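Numbering (the working numbering), first residue to last: 584 to 1223.
Cβ coordinates follow ideal geometry from the N, Cα and C atoms, glycine included.
The structure presented is a predicted model; accordingly, all values stated were derived computationally and were not measured.
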Ligand code: BF8
């Protein structure tokens, strides 16, 4: 990675180069009031520590920290550079796995509570419940929908916690046969999420495993637990509860906000409380409260992955990703910020206080000092309706106290067609066979999932958009989730309005089938949808995914959760192009970890699984790498 230049140069570039005009306007307002954001705090961290950046600092015991240098090629315990680097990588990966696991746990327990009648939600995802029951072999004539949902949820729960040496049931039910054989051959089939987290932490502690290759294999094993034990289960359990998203046209962007409404911002990842707040916002009680306070109505907007879930199912505008969350609050338009779990940056309360925005936490894992805590507990959820109304009441109270003269709402509005579940993508194209036909005849040259976080190391949303714009020009269809999805929503390329900029062949398909060239497919756990799509297209053609013109693209990974995302795709044979290097010694071509993930050696991941990681910091170069990769796959298949 080229080193970030001077702090001042970096800061100037970071917003000047951003395609997000609305954020620039908000930032100007914040600067004039001397209110800092993460970009200002990042500047103060420069230059960043090179040992941290390269993964060569070991902090796994109290003998350290030890750093590997040209004069100290081993830590105090004798661990070498490879074991230090992969140990750090593995620990970051399982931290991300644990985050998704807690998300999955809440979603699964919510299904069980709803099935038992404690949590007041109907089970809207009958299609998913029956599919799961069938695939898991638990379909039985005597059981109603609630019974099947409870049984399927319990199977998913056992994949989170099983300690016996049995393979995970979700993996058995959904993974391709060809891959299962390969994973077995390499001995990387996981037992459960909990077991693999324990084993990963155990293997990396002082005096345990010093074989980098065994640690790398443990990371792959844990990544399979991540994929089938947390991505699939969180995404499916949420669909069981709230139904499968379906395509709908909506408007998003800051311009949809209304100054004289009670404005509530929903943020986080697990959308159970958020769904209840949406249900309650139109209730007579809530509307009466708003009216009595002199508000014109109640408006809800989203952020990060909870925002993506709300957008997918309700067309509720989702305004910002992780790096944009302070700007959303910085509009001064929000009376309450309601956060559930994950990717809620620690600085959010400081800026919320500047604008008298009431911060409400709803998850016991995500407490913020000074915030009002109204917890949702999936296992004791009988009073969720009252809690949702209480949250709305808090927002109304805050509305009464606020000075609306400080509000700075940029007028930008974009259209988008959203709601792309696995089923709605397949159906919009006219079936898996039709997607396969279009891929083969070159109407779609390839499919890239451009997903993941935003990162203050690069210009805000620039890498995402630059990469995507180039790919769609080359007829490469994009499926997006999470923070990347917000960059696309903010640019207009999720609608048909900007379709002229798409390559001729893909443009024709988009127009014919009313499909945007960038399909927003939910939160990060919903990457399970793209994995299913890749599996089914390849299986439908009688091929291995590794031979298909697919790619996983993550221009700006930041959160530890992003480690498992790339590995999930890699394990299925989909190569990865990332824009921010993982903490590995990126300039040391002799380092075994670099060779393992990105080389062609007989023991590399390319040789094992047929896929590799490309690291391309420059988005133009990244796009060319992806286009070439897809081109090579097509040539090998004999497709033009
Ligand atoms: O899970 S993309 S910063 S918001 S980790 Fe977080 Fe990264 Fe955003 Fe959703 Ni995903």
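TODO: Answer yes or no: the CB of residue 946 versus the heavy atoms of ligand 1, is any distance below 6 Å?
DONE: Translated into positions along the chain shown, residue 946 becomes position 363. No, since every heavy atom of ligand 1 falls outside the 6 Å radius drawn around the Cβ of residue 946.
- [ ] Go to residue 686, then tell me how far its alpha helix (DSSP H) extends in each direction, as first and last residue.
- [x] Here residue 686 corresponds to residue number 103 of the chain shown, with the count starting at 1. Per DSSP, residue 686 belongs to the alpha helix (DSSP H) from 664-698.
TODO: Report all residues from its chain with a CB closer than 6 Å to the CB of residue 586; omit the five preceding and five following residues, and keep chain order.
DONE: As a first step, residue 586 is located in the chain shown; it is residue number 3 there, counting from the start. For residue 586, the predicted model reports a pLDDT of 47, less than 50, meaning its position is unreliable and no value from the coordinates is stated.
Open item on the list: So, under 8 Å CB-CB, residue 825 and residue 779 are touching, yes? Tell me the CB distance rounded to an integer number of Å.
Closed with: The residue given as residue 825 occupies position 242 in the chain shown. The residue given as residue 779 occupies position 196 in the chain shown. Going by Cβ atoms, the distance from residue 825 to residue 779 rounds to 28 Å, so no, they are not a contact pair.
Task: Secondary structure of residue 657, DSSP reduced to three states - done: The count along the chain shown starts at 1 and reaches residue 657 at position 74. The answer is strand: DSSP assigns residue 657 an E or B state.
Task: the segment 619-635 in contact with the segment 899-917 per 3-pair CB rule at 8 Å - done: Two segments are said to touch when three or more pairs of C-beta atoms, one from each, lie closer than 8 Å; by this definition the segment 619-635 touches the segment 899-917.
Task: Proximity test, residue 842 beta-carbon vs ligand 1 heavy atom, cut-off 6 Å - done: Within the chain shown, residue 842 is the residue found at index 259, counting from 1. False, no ligand heavy atom lies under 6 Å from that Cβ.
- [ ] Taking residue 599 as the reference, give the member of 1170, 1051 and 1045 with the closest Cα.
- [x] As a working mapping, residue 599 is identified with position 16 in the chain shown. Among 1170, 1051 and 1045, the Cα nearest to that of residue 599 is on 1045.
Open item on the list: Under DSSP, the alpha helix (DSSP H) around residue 873 begins and ends at which residues?
Closed with: Taking the chain shown and counting its residues from 1, the one referred to as residue 873 is at position 290. Unbroken alpha helix (DSSP H) run through residue 873: 867-875.
Open item on the list: Could you check if residue 1046 belongs to the surroundings of ligand 1, using beta carbon to heavy atom distance under 6 Å?
Closed with: Your numbering for residue 1046 matches position 463 in the chain shown. In terms of side-chain proximity, the C-beta atom of residue 1046 is found no nearer than 6 Å to any non-hydrogen atom of ligand 1.
- [ ] Give me the Cα-Cα distance between residue 1200 and residue 922, rounded to the nearest whole angstrom.
- [x] As a position in the chain shown, residue 1200 is number 617, starting the count at 1. As a position in the chain shown, residue 922 is number 339, starting the count at 1. When rounded, the distance between both Cα atoms is 32 Å.
TODO: Go through the residues and name those whose CB comes closer than 6 Å to any heavy atom of ligand 1, in chain order.
DONE: Every residue with a CB closer than 6 Å to a heavy atom of ligand 1 is listed here in chain order: 852, 887, 888, 904, 905, 926, 1035, 1036, 1065, 1066, 1106, 1107, 1141, 1142, 1144 and 1145.
- [ ] Quick one: using the 10 Å Cβ neighbour count with 16 as the cut-off for buried, is residue 971 buried or exposed?
- [x] Taking the first residue of the chain shown as position 1, residue 971 is located at position 388. The residue in question, residue 971, is buried, as its Cβ has 16 or more Cβ neighbours within 10 Å.
Open item on the list: Could you pull the DSSP bridge partners for residue 1198 from this structure?
Closed with: As a position in the chain shown, residue 1198 is number 615, starting the count at 1. For residue 1198, which the question treats as bridged, DSSP gives the partners 1161.
Open item on the list: In this structure, how does DSSP classify residue 884 when only helix, strand and coil are distinguished?
Closed with: The residue labelled residue 884 in the question sits at position 301 within the chain shown. Note: residue 884 maps to strand in three-state DSSP.
- [ ] Select from 901, 1190, 784 and 754 the residue whose C-alpha is nearest the C-alpha of residue 774.
- [x] Along the chain shown, one-based indexing puts residue 774 at 191. It is 754.
Task: 8 Å contact criterion, which residue 615 and residue 1043 should meet: CB distance rounded - done: Your numbering for residue 615 matches position 32 in the chain shown. Your numbering for residue 1043 matches position 460 in the chain shown. Contact doesn't hold; Cβ gap of about 19 Å is too wide.
Task: Inside the segment 895-965 only - alpha helix (DSSP H) runs reaching at least 4 residues - done: 908-912 and 931-937
TODO: Taking residue 1077 and residue 1001 to be in contact with their CB atoms under 8 Å, please state how far apart those CB atoms are, rounded to whole angstroms.
DONE: Walking along the chain shown from the start, residue 1077 turns up at place 494. Walking along the chain shown from the start, residue 1001 turns up at place 418. Going by Cβ atoms, the distance from residue 1077 to residue 1001 rounds to 7 Å, so yes, they are a contact pair.
Open item on the list: What would DSSP say about residue 1107, mapped onto helix, strand or coil?
Closed with: In the chain shown, residue 1107 corresponds to position 524, counting from 1. The answer is helix: DSSP assigns residue 1107 an H, G or I state.
Task: Validate contact between the segment 1090-1101 and the segment 984-995 using beta carbons, cut 8 Å, 3 pairs - done: no
Open item on the list: Taking the beta carbon of residue 705 as the centre, do at least 16 other beta carbons fall within 10 Å, making it buried, or is it exposed?
Closed with: For this step, residue 705 is matched to residue 122 along the chain shown. Exposed, since its Cβ has fewer than 16 Cβ neighbours within 10 Å.
Open item on the list: What would DSSP say about residue 1233, mapped onto helix, strand or coil?
Closed with: Given a span of 584 to 1223 for the chain in the structure shown, any question on residue 1233 remains unanswerable.
Task: Coil, strand or helix - residue 850 by DSSP - done: Within the chain shown, residue 850 is the residue found at index 267, counting from 1. It is a strand residue.
TODO: Could you tell me the distance, in whole angstroms, from the CA atom of residue 1184 to the CA atom of residue 1054?
DONE: Start at 1 with the first residue of the chain shown, and residue 1184 comes out as number 601. Start at 1 with the first residue of the chain shown, and residue 1054 comes out as number 471. Computed Cα separation, rounded: 29 Å.
TODO: Apply the 10 Å Cβ neighbour rule to residue 938 and answer buried if 16 or more other Cβ atoms are within range, or exposed otherwise.
DONE: Taking the chain shown and counting its residues from 1, the one referred to as residue 938 is at position 355. Buried, since its Cβ has 16 or more Cβ neighbours within 10 Å.
Task: Enclosing alpha helix (DSSP H) for residue 739 [first to last residue] - done: Counting from 1 along the chain shown, the entry for residue 739 is found at position 156. Its alpha helix (DSSP H) spans residues 728-744.
Task: Close Cβ partners of residue 836 (< 6 Å) along its chain, the five nearest in sequence each way excluded - done: By 1-based counting over the chain shown, the position of residue 836 is 253. Result list for residue 836: 995, 996 and 997, in chain order.
Task: Secondary structure of residue 835, DSSP reduced to three states - done: Taking the chain shown and counting its residues from 1, one reaches residue 835 at position 252. Strand, per DSSP.
TODO: Flag this pair as yes or no: are the beta carbons of residue 638 and residue 1167 separated by less than 7 Å?
DONE: Translated into positions along the chain shown, residue 638 becomes position 55. Translated into positions along the chain shown, residue 1167 becomes position 584. Yes, these two residues count as a Cβ contact at 7 Å.
TODO: Measuring alpha carbon to alpha carbon, tell me which of 1196, 1129 and 1117 ends up nearest residue 1263.
DONE: In the structure as shown, the chain begins at 584 and stops at 1223. Residue 1263 is therefore absent and cannot be evaluated.
Task: DSSP-derived helix/strand/coil call for residue 1049 - done: Translated into positions along the chain shown, residue 1049 becomes position 466. Looking at residue 1049 - three-state DSSP - the assignment turns out to be helix.
Open item on the list: Measuring only the C-alpha atoms, how far is residue 1139 from residue 653?
Closed with: Translated into positions along the chain shown, residue 1139 becomes position 556. Translated into positions along the chain shown, residue 653 becomes position 70. Their Cα atoms are separated by approximately 30 Å.
Open item on the list: Can you tell me whether residue 604 is helix, strand or coil according to DSSP?
Closed with: Sequence index remark: in the chain shown, residue 604 carries index 21 (1-based). Note: residue 604 maps to helix in three-state DSSP.
TODO: Decide if residue 843 is buried, meaning its Cβ has at least 16 other Cβ atoms within 10 Å, or exposed.
DONE: Sequence index remark: in the chain shown, residue 843 carries index 260 (1-based). By the C-beta density criterion, residue 843 is exposed, having fewer than 16 other C-beta atoms within 10 angstroms.
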